[in-house]
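What follows is a short report on a single structure.
Here it is in structure tokens:
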């Protein structure tokens with residue numbers, strides 16, 4: 019599953035967005051994958067779920083955004099990050115998540131065209 023996730027996120031590896039924009043990007047990319055690969059007749063594939071969570075660090079707890087999809091977690095960045103890249107979490111990193119702190123977020127699912135516009139807009143204003 020991790021290979022599929024890495025393939026889906028590969029076009030966005032060099033893109034640095036705010037952590038919340040990364041959250042919207044990851045949810046939208048995964049939701050597009052779910053809808054592209056499953057018809058209404060199939061049993062529904064689990065949808066990506068966005069969370070605000072806490073993880074253990076050397077200095078204490080850190081708030082961050084993450085997405086869980088089919089048992090794989092994606093780190094979207096610290097809640098106050100303005101320039102982060104989404105990355106799948108290793109099993110070791112997953113164990114650092116304080117599961118009692120998970121707060122599910124209702125994130126808008128964008129079309130892939132909207133995702134492209136968001137990335138282009140960020141790239142434009144990042145260089146101005």
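Numbering (our numbering), first residue to last: 19 to 146.
Ideal Cβ positions, reconstructed from N, Cα and C, are used throughout, including at glycine.
Spatial distance of residue 34 from residue 105 (CA atoms): 11 Å
Start-to-end residues for the alpha helix (DSSP H) that takes in residue 20: 20-27
Sheet register partners of residue 74 (DSSP bridge): 79
Residue 123 beta carbon less than 8 Å from that of residue 86: no
Cut-off 6 Å between Cβ atoms - residues of its own chain near residue 79, not counting five sequence neighbours on either side: 72
Enclosing beta strand (DSSP E) for residue 43 [first to last residue]: It is not in any beta strand (DSSP E) - residue 43 instead sits in the alpha helix (DSSP H) that spans 37-55.
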